[in-house]
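Mapped onto my numbering, the consecutive letters of the sequence shown carry residue numbers 275 to 502. Positions of the beta carbon are idealized from the N, C-alpha and C atoms, including for glycine.
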Amino acid sequence: MSRPIPALFLSQVERSYRQGTSALHILRGADLAVWPGELVALVAPSGTGKSTLLHVAGLLEKPDAGEIYIAGKPTAALSERARTALRRTEIGFVYQFHHLLPEFSALENVVLPQIIRGLEREDADRRATELLSFLGLGERLNHRPAELSGGEQQRVAIARAVANAPGLLLADEPTGNLDPKTSEHVFTTLIALVRASRLAALIATHNMELAARMDRRVTIRDGQIVEV
């Protein structure tokens, strides 16, 4: 029986930025594996590189050295076009602010990335309806973002992120703008979705109660990714 492949594997990743005449080193030989069906919390103080790590893992930034494997595929040598194509099919993103398109309904916001990928409208409608219903929004399909609560908007954003059935979900403070009760509800539905779909999820959060409910917790220390 073959061993499973990590949805995300960072190997000896380096990332630094120029600050005047000096270099600010964010990641120094960082290693991390996130497996299908696993929720990993990324907890670290502001300024330690959480967003950089998510951007590198999500192929939005190139590392200075090292390799990032997505579903077992090395990505360092890929062209920008190939990186974009891989992001579109294998990676879903959820941010602190939902970034929904205001002129489209909840359903249309989830249909759109599927149409861009090439799915037929009927199939995209069906999957979007299933996802939104699973997340408790079956009665809100035709509402525009301005007609939805903050928690509902973020659940639409989660549905949009997984609409193309990626293997990896990256989330940056996905409940950071929500009140505690709404945050709890959104996070519970997110966990249920990850478990049901066998997604791998790396979720940056300051909320230690939410982090404690995930499978593992990691932080960034001296440029390394370490378990906490």
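Buried/exposed call for residue i, threshold 16 Cβ in 10 Å
{"i": "Glu501", "result": "exposed"}
{"i": "Leu452", "result": "buried"}
{"i": "Gln428", "result": "buried"}
{"i": "Gln293", "result": "exposed"}
{"i": "Asn481", "result": "buried"}
{"i": "Ile390", "result": "exposed"}
{"i": "Ala486", "result": "exposed"}
{"i": "Glu404", "result": "exposed"}
Distance between residue j and residue i (C-alpha atoms, nearest Å)
{"i": "Glu377", "j": "Arg418", "result": "7 Å"}
{"i": "Thr322", "j": "Leu406", "result": "34 Å"}
{"i": "Phe371", "j": "Pro278", "result": "33 Å"}
{"i": "His299", "j": "Ser285", "result": "16 Å"}
{"i": "Leu313", "j": "Leu301", "result": "22 Å"}
{"i": "Thr358", "j": "His329", "result": "13 Å"}
{"i": "Thr493", "j": "Pro448", "result": "17 Å"}
{"i": "Pro310", "j": "Leu484", "result": "20 Å"}
{"i": "Asp446", "j": "Ala402", "result": "23 Å"}
{"i": "Glu341", "j": "Leu360", "result": "15 Å"}
{"i": "Ser353", "j": "Lys347", "result": "13 Å"}
{"i": "Leu242", "j": "Ile365", "result": "There is no way to answer for residue 242, as the model of the chain reaches only from 275 to 502."}
{"i": "Asn416", "j": "Arg495", "result": "45 Å"}
Contact belief for residue i with residue j at Cβ below 8 Å, rounded distance in angstroms
{"i": "Ala437", "j": "Val384", "result": "5 Å"}
{"i": "Ser296", "j": "Asp338", "result": "Not really, about 15 Å apart at Cβ, beyond 8 Å."}
{"i": "Leu374", "j": "Ala431", "result": "6 Å"}
Note to self: List, from N- to C-terminal side, the alpha helix (DSSP H) runs of 4 residues or more that fit wholly inside the region 308 to 390.
What the structure shows: Qualifying alpha helix (DSSP H) stretches, in chain order: 324 to 331 and 354 to 364.
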